[in-house]
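Read through the structure below, which is laid out as structure tokens, and then see the notes.
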Amino acid sequence: MHQIKARNLKPLFFLGLRFLFGKPVQNPKAPVHRVRHSAFWGAVLGISVSIVPLYIVLFVSNGMIQGITDRYLETKTGHLQLALPFTLTGETREKLQRDIAGLGGVASASFEVDGIGLAASSRGSTSAQVRGLDQSIMADEGFKKFIQTDGGTIYPEKQNEAVLGRYLARALGVGVGDTVTLITLRDAHEGQMLPRLSIFRVAGIVSSGYRELDANWFIVRSEAALRLLNPSTAYAFIGIKTVDPYGAGLNALASGITDQLSQSGFSGVQGFSLRTWRDIERSLFASFSSTKSVLILIMAIAIIVAAVNLASALTTYVIEHRTEIAILRSFGVSSQQTASIFLLGGAATGTLGCIAGSAVGIFISFYINQILSGIQAAINFVSRLLAPASHPVTLLNPDYYLERIPISINWDYIIIVVGVGIAVSALVSLVPAVKSSRIAPAELIRHGQ
Amino acid sequence: MNEPIIECRDLIKTFSSGAEVLHILDHADFSLEKGKICTILGPSGSGKSTFLAILGSLERFDSGSVRVDGYELQTLQEKSLSVFRRKVVGFVFQFHFLLGDFSALENVALPGYMAGLPRADAWKRATQLLDLVGLRNRAHHYPSQLSGGERQRVAIARALINEPPIVLADEPTGNLDAASSEELRSLLQRLPEAAKTTLVLVTHDSELATIGDTSFLLKGGISNASDKGS
Numbered sequence: 001m002h003q004i005k006a007r008n009l010k011p012l013f014f015l016g017l018r019f020l021f022g023k024p025v026q027n028p029k030a031p032v033h034r035v036r037h038s039a040f041w042g043a044v045l046g047i048s049v050s051i052v053p054l055y056i057v058l059f060v061s062n063g064m065i066q067g068i069t070d071r072y073l074e075t076k077t078g079h080l081q082l083a084l085p086f087t088l089t090g091e092t093r094e095k096l097q098r099d100i101a102g103l104g105g106v107a108s109a110s111f112e113v114d115g116i117g118l119a120a121s122s123r124g125s126t127s128a129q130v131r132g133l134d135q136s137i138m139a140d141e142g143f144k145k146f147i148q149t150d151g152g153t154i155y156p157e158k159q160n161e162a163v164l165g166r167y168l169a170r171a172l173g174v175g176v177g178d179t180v181t182l183i184t185l186r187d188a189h190e191g192q193m194l195p196r197l198s199i200f201r202v203a204g205i206v207s208s209g210y211r212e213l214d215a216n217w218f219i220v221r222s223e224a225a226l227r228l229l230n231p232s233t234a235y236a237f238i239g240i241k242t243v244d245p246y247g248a249g250l251n252a253l254a255s256g257i258t259d260q261l262s263q264s265g266f267s268g269v270q271g272f273s274l275r276t277w278r279d280i281e282r283s284l285f286a287s288f289s290s291t292k293s294v295l296i297l298i299m300a301i302a303i304i305v306a307a308v309n310l311a312s313a314l315t316t317y318v319i320e321h322r323t324e325i326a327i328l329r330s331f332g333v334s335s336q337q338t339a340s341i342f343l344l345g346g347a348a349t350g351t352l353g354c355i356a357g358s359a360v361g362i363f364i365s366f367y368i369n370q371i372l373s374g375i376q377a378a379i380n381f382v383s384r385l386l387a388p389a390s391h392p393v394t395l396l397n398p399d400y401y402l403e404r405i406p407i408s409i410n411w412d413y414i415i416i417v418v419g420v421g422i423a424v425s426a427l428v429s430l431v432p433a434v435k436s437s438r439i440a441p442a443e444l445i446r447h448g449q
Numbered sequence: 450m451n452e453p454i455i456e457c458r459d460l461i462k463t464f465s466s467g468a469e470v471l472h473i474l475d476h477a478d479f480s481l482e483k484g485k486i487c488t489i490l491g492p493s494g495s496g497k498s499t500f501l502a503i504l505g506s507l508e509r510f511d512s513g514s515v516r517v518d519g520y521e522l523q524t525l526q527e528k529s530l531s532v533f534r535r536k537v538v539g540f541v542f543q544f545h546f547l548l549g550d551f552s553a554l555e556n557v558a559l560p561g562y563m564a565g566l567p568r569a570d571a572w573k574r575a576t577q578l579l580d581l582v583g584l585r586n587r588a589h590h591y592p593s594q595l596s597g598g599e600r601q602r603v604a605i606a607r608a609l610i611n612e613p614p615i616v617l618a619d620e621p622t623g624n625l626d627a628a629s630s631e632e633l634r635s636l637l638q639r640l641p642e643a644a645k646t647t648l649v650l651v652t653h654d655s656e657l658a659t660i661g662d663t664s665f666l667l668k669g670g671i672s673n674a675s676d677k678g679s
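Chains as they are written, first to last, in this note's numbering: chain A, 1 to 449; chain V, 450 to 679.
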């Protein structure tokens, strides 16, 4: 008699896959078998279809969040912000700025003064975020990368020139070369404030590609801002760009800058404070993160529904094929092996579904911009045919979303999705697997009688 | 007399049907030598199939002892019973019980593959067994493409894949026509020598019953009906 080897998974896989998916069409006159197997191909399809939107949500939301975060960091907050007393002299400020820029890990440091004003033109008026930028911003590669111009320059060359955000310019109805009035507040005697009117020539119109950011930008030179803005309401800071804003080294760098402040004699001086970008826009990024989590949760429910469908198909199979399972038991397949066959079969079904769903999901995510453009073009084509006067449809309005979704494929997510998909499939297969293990070989005798 | 490969002592098996208790085997004794063909006869409902199922550990019994190839079945737990079925017995049922999604070759090879034989070895041995039962040319056909007699011959080949010392056949010609029955009878007759096994055969078929070296009649208990001697 031959030696019985230790338990081997290969035969279990062989049996499980053949049971569930059948042999490649050999017997076209066996419709019952085809129907049985189609239930499992249906389960594969269910799992793959449920995974596709998960990938799209993951990659699109990630891309959106990353794109928006990049724009916030590079065009507005910087990676670190060192708040300064408004009264700090230019000479001291410039020295501090140079010292920080010389630190290892710092890419650039630029002074900025922000405040609020009312922008007005002959066509209207609206509130504006006055950004007084230092000339050194033009050495900031990140800023230049994300700022695109609709016309003119991206930095005002003269004291009486301003660069407007795209949507502020639209709200005011002005273009390059036009004049706008900026109304700020100045201190009068005895604590009173009076409006200060300043006239600027529009030197350029710019956009970060994200409306939330450039809807209110009124960019002037920092010297002009220091002169126009009220010290009690304005905010002066050095915006610091680092080599790796997303890395763990950001906090260490912040400590280095704090040390630099101590060496420069500013330790404990009121008005100085250092914050990372995560602190500055904490609520915004928390909101992004929670929105993404909710979307993923909804998509995960779809996967669970698909997995339950797989469990249902497996359970039905076990119930309908007790005799075949009893045959296996009659020639010595143990109850544990029987359970393993269905557990592995379920996991294999999940694996097939996850692989197929991942391939489609990644493909769609990768080409999401082109696909959305195509769908949009098709919708507009049909609506023009049906109603020539209709307004064009925009699926992702660039006024509120990024004009182009930056997609980067994250392999960690893919591994997690596929791993979880297979694990959930195996988990839900436990019930039919246990059910199958309880089928006794004696059922064959009952069948024969 | 050689040491018996199967030995039952004081075997009791009952079935309950509501308040009624049906005594299928009542203090039955049975013994069979290695390498023999034993036929078990008896009227319908006398418990022939149940007795065979007990010998093959498909069915539990109420009391008594059953020793098959050294295994004391009354002491074995579920896991050990699987090992026993894998190593000691091969089954041939009245209905072929082949797996519809597997070819004849795969049906034969499967118990060997599941028992731990390497795939290539299992397939090779299955091919040899199909040769033995005269179906090598039908190896890649599916059960639905085989005749009743062919299916039973595949089932016999399957029963032999793990080289069991005992083959238990439960009315293997029960569903076959006369010609197929004759072919199968001839095959079963040469099985103990060709496969070096012991054959226990439950049958209604008087022709098939003649191949037995020894016959037992099951009617309440088991009695030795005839013994051709060895």
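Just so it is clear, CB atoms sit at the ideal spot from N, CA and C, and this is done for glycine as well.
Query raised in the report: Is the region 544 to 554 of chain V touching the region 521 to 534 of chain V, taking contact as three or more C-beta pairs under 8 Å?
Result: The region 544 to 554 of chain V is not in contact with the region 521 to 534 of chain V.
Report task. Confirm, please, whether the CB-CB distance from residue 460 of chain V to residue 477 of chain V is below 8 Å. Result -> In this structure, residue 477 of chain V lies near residue 460 of chain V, with their beta-carbon atoms less than 8 Å apart.
Query raised in the report: Thinking C-beta only, is residue 344 of chain A closer than 8 Å to residue 13 of chain A?
Result: Contact annotation: residue 13 of chain A and residue 344 of chain A have beta-carbon atoms nearer than 8 Å.
**Report entry** Outcome for residue 463 of chain V when other beta-carbon atoms lying within 10 angstroms are tallied against a minimum of 16
**Finding:** Exposed, since its Cβ has fewer than 16 Cβ neighbours within 10 Å.
Query raised in the report: What do you reckon, are the CB atoms on residue 203 of chain A and residue 114 of chain A nearer than 8 Å?
Result: Not closer than 8 Å, so no.
**Report entry** Neighbour-count burial assignment, residue 79 of chain A, 16 or more Cβ in a 10 Å radius
**Finding:** Taking a 10 Å sphere around the C-beta of residue 79 of chain A, we find 16 or more other C-beta atoms and assign the residue as buried.
Requested in this report: Could you tell me which chain A residues have their CB closer than 7 Å to the CB of residue 560 of chain V, listed as they occur along the chain?
Outcome: Neighbourhood of residue 560 of chain V in chain A, by CB distance below 7 Å: 331 and 332, in chain order.
Requested in this report: Buried or exposed for residue 384 of chain A, please, with buried defined as at least 16 other CB atoms from any protein chain shown within 10 angstroms of its CB.
Outcome: Exposed, by the Cβ-count rule.
Report task. Give the straight-line distance between the Cα atoms of residue 517 of chain V and residue 623 of chain V, rounded to the nearest whole angstrom. Result -> Each residue's Cα considered, the two are about 26 Å apart.
Query raised in the report: residue 240 of chain A: buried (16+ other C-beta within 10 angstroms of its C-beta) or exposed?
Result: Burial of residue 240 of chain A is indicated by the presence of at least 16 other C-beta atoms within 10 angstroms of its C-beta.
Report task. Could you check if residue 411 of chain A is buried or exposed, using at least 16 other CB atoms within 10 Å of its CB as the buried criterion? Result -> Residue burial annotation: residue 411 of chain A is exposed, with fewer than 16 other C-beta atoms found within 10 angstroms of its C-beta.
Requested in this report: Run through the region 554 to 623 of chain V for me and flag every whole beta strand (DSSP E) of 3 or more residues, listed as ranges in chain order.
Outcome: Runs of the beta strand (DSSP E) inside the region 554 to 623 of chain V: 615 to 619.
Requested in this report: Counting only the same chain and skipping the five closest in sequence on each side, list residues whose C-beta sits under 6 Å from that of residue 83 of chain A.
Outcome: Scanning its chain for C-beta atoms nearer than 6 Å, with the 5 sequence neighbours on each side dropped, one finds around residue 83 of chain A the residues 237 and 273, in chain order.
Query raised in the report: Can you list the residues of chain V that residue 22 of chain A reaches, using a CB-CB cut of under 8 Å?
Result: Neighbours of residue 22 of chain A on chain V, chain order: 550.
Query raised in the report: Got a sec: is the Cβ-Cβ distance from residue 516 of chain V to anything in chain A below 8 Å?
Result: Not one chain A Cβ lies under 8 Å of residue 516 of chain V.
Query raised in the report: Along chain V, in chain order, which residues have C-beta atoms closer than 7 Å to that of residue 327 of chain A?
Result: Within 7 Å Cβ-Cβ: 546 and 548.
Query raised in the report: Identify the residues that DSSP records as bridge partners of residue 206 of chain A: which are they?
Result: According to DSSP, which records beta bridges pairwise, residue 206 of chain A is partnered with A/149 and A/165.
Query raised in the report: Heavy atom of the ligand HEM less than 7 Å from the Cβ of residue 430 of chain A, yes or no?
Result: Absence of the ligand HEM is noted for the structure shown, with no ligands found whatsoever.
**Report entry** Under 8 Å between C-beta atoms of residue 140 of chain A and residue 111 of chain A
**Finding:** No, Cβ-Cβ distance for residue 140 of chain A and residue 111 of chain A is not below 8 Å.
**Report entry** residue 182 of chain A and residue 195 of chain A closer than 8 Å at C-beta
**Finding:** Cβ atoms of residue 182 of chain A and residue 195 of chain A: not closer than 8 Å.
Query raised in the report: What span of residues does the alpha helix (DSSP H) with residue 285 of chain A cover, start to end?
Result: Unbroken alpha helix (DSSP H) run through residue 285 of chain A: 282 to 320.
Query raised in the report: Is it the case that the Cβ atoms of residue 609 of chain V and residue 621 of chain V are separated by a distance below 8 Å?
Result: For residue 609 of chain V and residue 621 of chain V, no; Cβs fall outside 8 Å.
Query raised in the report: Going by C-alpha distance, which of A/99, A/20 and A/422 is nearest residue 316 of chain A?
Result: It is A/20.
Requested in this report: Spell out the partners DSSP gives residue 472 of chain V in its beta bridges.
Outcome: Partner(s): V/463.
Requested in this report: In angstroms with no decimal places, state the Cα-to-Cα distance between residue 108 of chain A and residue 118 of chain A.
Outcome: In a straight line, the C-alpha of residue 108 of chain A is about 31 Å away from that of residue 118 of chain A.
Requested in this report: From the DSSP output, read off the bridge partner residues of residue 186 of chain A.
Outcome: Under DSSP, residue 186 of chain A shares a beta bridge with A/194.
Report task. Identify every residue that forms a DSSP beta bridge with residue 651 of chain V. Result -> In the DSSP assignment, residue 651 of chain V forms a beta bridge with V/489 and V/619.
Query raised in the report: If you draw a straight line from the alpha carbon of residue 275 of chain A to that of residue 284 of chain A, how long is it in whole angstroms?
Result: Rounded to whole angstroms, residue 275 of chain A to residue 284 of chain A spans 15 Å at the Cα level.
Query - Under 7 Å by beta carbon: chain V residues contacting residue 442 of chain A - result: By Cβ distance, chain V contributes 502, 507 and 508.
Requested in this report: For the beta strand (DSSP E) containing residue 111 of chain A, list its first residue and its last residue.
Outcome: Unbroken beta strand (DSSP E) run through residue 111 of chain A: 106 to 121.
Report task. Flag this pair as yes or no: are the beta carbons of residue 433 of chain A and residue 331 of chain A separated by less than 8 Å? Result -> Taking 8 Å as the cut-off, the Cβ atoms of residue 433 of chain A and residue 331 of chain A do not count as close.
**Report entry** Unbroken beta strand (DSSP E) run spanning residue 129 of chain A, endpoints
**Finding:** DSSP places residue 129 of chain A inside the beta strand (DSSP E), whose first and last residues are 124 to 133.
Query raised in the report: So which residues on chain A does residue 464 of chain V lean against when the C-beta distance must stay under 8 Å?
Result: Simply none; closest approach about 11 Å.
Query raised in the report: Just checking my contact of residue 126 of chain A with residue 162 of chain A at CB under 8 Å: how many whole Å lie between their CB atoms?
Result: At roughly 14 Å, the Cβ-Cβ gap does not stay under 8 Å, so residue 126 of chain A and residue 162 of chain A are not in contact.
Query - Cβ-Cβ separation, residue 52 of chain A to residue 353 of chain A (assumed contact under 8 Å), whole Å - result: That pair is no contact at about 10 Å.
Query raised in the report: Starting from residue 81 of chain A and walking both ways along the beta strand (DSSP E), at which residues does that stretch end?
Result: That run of the beta strand (DSSP E) goes 80 to 84.
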